[in-house]
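Trainee: Got a structure here, written out as structure tokens. Questions coming.
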Amino acid sequence: MISTELGHTPKLIPSVEEIGDIAAPIARQVGASELYLFGSMARGTAKTDSDIDFIYDVPQNASIEERARISRQLRMSLREVFNRDIDMVRKSYLTTSNTENPLAKLIRQSFIKSINQHPIYRIM
């Protein structure tokens, strides 16, 4: 689908396969250990101005600095190649229940419930 609104450059909506084919080598290159697609692109309901939502992980033995570098480079590289906003969630946010205040816990649980009700595609 192409946006034909005046003043906007036409932008194609990539398929799940296209996103995976493009994102996997980038994620490997920057050092991510896992990458998943979720959100409107995964559901097939994306619009021309939709962002792309990813869940990512880093190697277990990565230092804090290395984790930050991987996250930063992954987001910047994906934003550049797709020319879209990129939302990223670290996998540990979904799998680790830290001691958190009740509101933060409720928000995290609600987010997890929401994304689990829709397709999530493993890219790598």
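Take any residue in the sequence shown, count from 1 to its spot, add 17: that is its number in our numbering. C-beta: ideal position from N, C-alpha, C; glycine also. Note that the structure is predicted; figures quoted are calculated from it, not measured.
Counting only C-beta atoms, is E51 closer than 8 Å to chain D at any point?
Mentor: As a matter of chain content, chain D is missing from the structure shown, which is built from one protein chain.
Trainee: So, is L23 buried or exposed, given that buried needs 16 or more other C-beta atoms within 10 angstroms?
Mentor: For L23, the predicted model reports a pLDDT of 49, less than 50, meaning its position is unreliable; a value from the coordinates is still stated below. That one is exposed.
Trainee: State yes or no: is the C-beta of D138 within less than 8 Å of the C-beta of Y53?
Mentor: It should be pointed out that residue 138 corresponds to Tyr in this sequence rather than to Asp. Yes, the pair counts as a contact, with Cβ atoms nearer than the cut-off.
Trainee: Do you know offhand how far Q134's Cα is from D68's?
Mentor: 19 Å
Trainee: How far does the alpha helix (DSSP H) with D38 in it reach, from first residue to last?
Mentor: For D38, the enclosing alpha helix (DSSP H) has its first and last residue at 33 to 47.
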